[in-house]
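Take 116 as the starting number for the sequence shown in the numbering used here and just add one per residue.
Yeah, the Cβ is synthetic: ideal placement off N, Cα and C, and Gly gets one too.
Keep in mind it's a predicted model, so treat the numbers as computed, not measured.
Working notes for the structure below.
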Amino acid sequence: MALIKIREILDGRHEGAKVTIRGWVYRKREGKEMIFLLVRDSTGFIQCTIRKNSPAWNAAERLTIESSLTLDGVAKQDKRAPGGYEISADSISIIGLAEVFPIAKDKSEEFIRDIRHLWLRSRRMNLVMKVRANVLDFAREYFKAQDFTEVSPPMFISAAVEGGSTLFGLKYFDQNLYLTQSSQLYLEILLYSLENVYCIAPSFRAEKSRTIRHLTEYWHIEGEWPFADMNDLMRFEEGLMTHVCQSAADKCKKEFEELGADIAKVVQVKTPFPRITYTEAIEKLKTKKPHLKWGDDLGYEDEKALADEFGKPFFVYDYPTAIKAFYCKTYRDKPEVAMSVDMMVPRIGEISTGGAREDDKDVLIKRIREMGLNEKDYDWYLDLRRYGTVPHVGFGMGLERLLTWMLDLENIIDAIPFPRTTRRFYP
Ligand code: 4AD
Ligand code: MG
């Protein structure tokens, strides 16, 4: 008797055959003459029926929700069963009999979030995690195809990347260190050796705002490469986004369907993406928000308003220098404008930020001072401009924001198995 995955039965590969499955009880319904179990494994659910005269009856009677088991029986097509197939069980062996499972239909969202470690067994989280794993594969595929080398930057760092307000400090023996907000500066080091580099790693933000798009720990897809300009950067980013969306539309159809996510919007993602300047964005927004002026940062509502108008991913570029980080390269003839670009999507707004990096040592020192940062902290970063500086660009995209958009998730916390927010860090 072959031990098989439930998916194989649902795909019609074991019609009429004796099979063995291993999994957990998802639902149970008891009649006088028959017990119905819905059993799940990592690949899906199948209905299993146990007749009163079957040797499996006693075990089936004892089974509780989420008990683990091995079940033998005959697989057969049955239009009435969810998924179109069922197993008529011959024997059941209980592996772990579960206590009363705390998740039932009427539990509140708040309660479900508090017992995340059990909720991760739900079909919904199972599907999201599968798409997440696939999206990571698709992103890596694209970087590799473009000749990028994957690198592993540190998470303990000694100087801020994105400014002090969202920096997590920590005691490192008797020193003060931080958790990294972005691996960008380390990718910049490595491009002098490997040229095209990328990483997929956690980033940390002491982010107090409770929104549908903020976590305190998220996964960051970041790339950095030399001898490139803003146009190369936008072309790369739209290429990556298109590859991820097209691959997901092709290979994750079932997951989108079961999650009730609109697949059409990812099918429609194609290069080139619309591009507007920050100045044009302000002009557009002014019609609804007359007080907005050049120099203001775009908030979530502004980004959302722009993005909902486009209805698909697009770029906003050339932001005011004053609202950008110290490392942003500025136009020599317009130092008030930085070569910075955000990718935006409907409902979420910004999902990536990138740009050209200041490659002139003296301009960079001036920027560090202007921003009130300590030059000493960035001495190694300045070395990169002292020894063979090159023009270079890079970007960072938040994996969970990308998934929130792709899968129409209500909140970013459902895009990651163990979300960290101001209030959530258990388990
Ligand atoms: O815009 P950010 O802060 O840019 C950087 O960190 C650059 N150093 C990246 C680079 O050029 N290598 O963050 C980049 C992206 C955002 O666009 C967003 O998608 C995501 O990271 N992000 C967050 N995702 C979830 N929760 C948060 N608190 C996030 N903060 C940023
Ligand atoms: Mg940004």
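Task: At least three beta-carbon pairs within less than 8 Å, the segment 207-215 to the segment 252-272 - done: no
Open item on the list: Distance check for residue 497 and residue 521, CA to CA, integer angstroms please.
Closed with: Counted from its first residue, the sequence shown places residue 521 at position 406. Counted from its first residue, the sequence shown places residue 497 at position 382. In a straight line, the C-alpha of residue 521 is about 39 Å away from that of residue 497.
Open item on the list: Going by DSSP in three states, residue 143 sits in which element: helix, strand or coil?
Closed with: As a working note, residue 143 is residue 28 in the sequence shown. The DSSP-derived three-state label of residue 143 is strand.
TODO: Please say whether residue 328 and residue 296 have beta carbons closer to each other than 7 Å?
DONE: In the sequence shown, counting from the first residue as 1, residue 296 sits at position 181. In the sequence shown, counting from the first residue as 1, residue 328 sits at position 213. Taking 7 Å as the Cβ cut-off, residue 296 and residue 328 do not qualify as a contacting pair.
Task: Endpoints, the alpha helix (DSSP H) within which residue 496 is located - done: Taking the first residue of the sequence shown as 1, we reach residue 496 at position 381. Per DSSP, residue 496 belongs to the alpha helix (DSSP H) from 494-501.
Open item on the list: Quick check on this structure: which residue in 459, 316 and 346 has the alpha carbon closest to the alpha carbon of residue 384?
Closed with: For the purposes of this step, residue 384 is taken as residue 269 along the sequence shown, with counting starting at 1. Of the listed residues, the one whose Cα sits closest to residue 384 is 459.
Task: Member of 435, 398 and 410 whose CA lies at the smallest distance from the CA of residue 420 - done: What you label residue 420 is simply residue 305 of the sequence shown in a count that begins at 1. The shortest Cα separation from residue 420 among 435, 398 and 410 belongs to 398.
Open item on the list: In whole angstroms, give me the CA-to-CA distance for residue 95 and residue 316.
Closed with: This structure leaves residue 95 out entirely; the chain is present only between 116 and 542.
Open item on the list: Just to confirm the assignment, what range does the alpha helix (DSSP H) spanning residue 324 have?
Closed with: Translated into positions along the sequence shown, residue 324 becomes position 209. Unbroken run through residue 324: none, as it is neither H nor E.
TODO: Evaluate contact between the segment 213-220 and the segment 515-532, counting only Cβ atoms and requiring at least three cross-stretch pairs below 8 Å.
DONE: Contact check between the segment 213-220 and the segment 515-532: fewer than three CB pairs, one atom from each, fall below 8 Å, which does not count as touching.
Open item on the list: Between 482, 326 and 463, which has its C-alpha nearest residue 445's C-alpha?
Closed with: Looking up residue 445 in the sequence shown gives position 330. Closest by C-alpha distance to residue 445, out of 482, 326 and 463, is 482.
- [ ] Spatial neighbours of residue 375 within its chain, please: CB distance less than 6 Å, with the 5 preceding and 5 following residues excluded, ordered by chain position.
- [x] Here residue 375 is taken as the residue at index 260 of the sequence shown, counted from 1. Same-chain partners within the cutoff: there are none.
- [ ] Determine the direct distance from the alpha carbon of residue 188 to that of residue 176, and round the result to whole angstroms.
- [x] Along the sequence shown, one-based indexing puts residue 176 at 61. Along the sequence shown, one-based indexing puts residue 188 at 73. Rounded to whole angstroms, residue 176 to residue 188 spans 17 Å at the Cα level.
Task: Coil, strand or helix - residue 281 by DSSP - done: The residue given as residue 281 occupies position 166 in the sequence shown. When secondary structure is reduced to three states using DSSP, residue 281 falls in the helix class.
- [ ] Tell me whether residue 118 is buried or exposed, calling it buried when 16 or more other Cβ atoms sit within 10 Å of its Cβ.
- [x] Numbered from 1 along the sequence shown, position 3 holds the residue referred to as residue 118. Per the 10 Å Cβ criterion, exposed.
Task: For residue 501, the nearest candidate out of 172, 278, 349 and 304 (CA to CA) - done: Here residue 501 refers to the residue found at position 386 when the sequence shown is read from its first residue. Per the Cα distances, 304.
Open item on the list: I'd like the list of long-range same chain contacts for residue 507, defined as Cβ closer than 8 Å, with 5 residues on each side in sequence excluded.
Closed with: Taking the first residue of the sequence shown as position 1, residue 507 is located at position 392. Once the five neighbours on either side are set aside, the close Cβ partners of residue 507 are 303, 306, 339, 340, 341, 342, 343, 471, 472 and 474.
Task: Three-state secondary structure assigned by DSSP to residue 423 - done: For the purposes of this step, residue 423 is identified with residue 308 of the sequence shown, where counting begins at 1. Residue 423 falls in the helix class under three-state DSSP.
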